[in-house]
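Going by the numbering used here, 32 is the number at position 32 of the first sequence; the sequence numbering is gapless.
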Amino acid sequence: MSSWTIATWNVNSIRTRLEHVLSWLQEHSPEVLCLQETKATEEQFPLQPFQDRGWHVAQSGQKSYNGVALISREPLDEVRAGFPGDPDPSKARVLSGTWRGTRLITVYVPNGSEVDSPSYDYKLSWLAAMQSWLEQEGDPAQPLAILGDFNIAPDDRDVYDPERFRGRILCTDAEREALKRLTGWGLHDLFRRYQKAGGHYSWWDYRAGRFRRNLGLRIDLILASEALTARATDCRIDPAPRRLERPSDHTPVLATFSG
DNA sequence: ATGGTTGCCTTGCAA
């Protein structure tokens, strides 16, 4: 196939966002769409509407919170939920699968709540554990991507008001250093290969008209290994679903590749 | 202005 697309979207409940996701799939026809915050047990996930339209679904879910899924045209190989060393394997935050030799890992990184809270400490230890897993079992020389809601704005260009967010959750030095360790392992933040300017966001708080005023953060990322990055042709954010009625607070990020 | 909105099926918690 000459051109193919992978994408990531934190949908904030797959049951509430079902129609948005189905129409987005029809419009963009990605090879794989990674979802986060499905907020459904595996029994609650609306499988049939996807299957009726020819999509395959791999999922890892739990009641009320978290939940990740991989929607694909072809069934994925070696699908695996979670990772060894996860500090809390009961939380459905990671799902991986292989599409035509490319390893795809979707992640819903813990939010962290507030700096110096137990949730924040958990976020940092979770990121360290994920890094250890990748270093032990992954290979950045192979085609591989990590896609998802990282709950980290990589730098000040990714924040609508860097001074307001300085030292606050999603923007602390410790979070950004954890992300740099991850990319330092051999991954590229694909969006930044194609767009150097700030002001491009993937998440806007529901409150205070933040989307209308484009007061957002770029926290949904596609990190690709060198082997995969070499085949990339574009990476962009699609703001359209954020304008729909009852939207997710996040919008999809897509990457396209050749070959 | 430490506000505000959404989704879970809680009557608060997480984001």
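Don't be surprised by glycine CBs; every beta carbon is placed ideally from N, CA and C.
Item	Value
Between the Cα of R212 and those of T229, Y201, L25, W185, spot the shortest distance and give me the residue it belongs to.	Y201
To which residues does DSSP link S72 through a beta bridge?	V32, H56
Between the region 52-62 and the region 78-92, do at least 3 Cβ pairs fall closer than 8 Å?	yes
Are the beta-carbon atoms belonging to S258 and T233 less than 7 Å from one another?	yes
Take E42 and list the residues in its own chain whose beta-carbon comes closer than 8 Å to its own, dropping the five residues that flank it on each side.	Q59, S60, G61
If you compare alpha carbons, which of V253, P247, S225 is closest to L134?	S225
Could you check the C-alpha separation between S29 and H56 for me, to the nearest Å?	13 Å
Rank V32, L187, N10, T172 by C-alpha distance to the C-alpha of Y65 and give the top, closest one.	N10
Note down, one range per segment and in chain order, each alpha helix (DSSP H) of at least 4 residues found wholly within the region 195-247.	226-229
Should P140 and G186 be called a contact, given that it needs their Cβ atoms to be closer than 7 Å?	yes
Using only CA atoms, which one of M1, I6, S2 lies nearest to G148?	I6
Three-state secondary structure (DSSP) at T183?	helix
Closer than 7 Å by C-beta to F50: which residues in its own chain qualify, once you throw out the five before and the five after it? Chain order, please.	V57, I71
Per DSSP, what kind of secondary structure is S113 in: helix, strand or coil?	coil
Would you say the region 87-97 touches the region 106-120, given that touching needs at least three Cβ pairs under 8 Å?	yes
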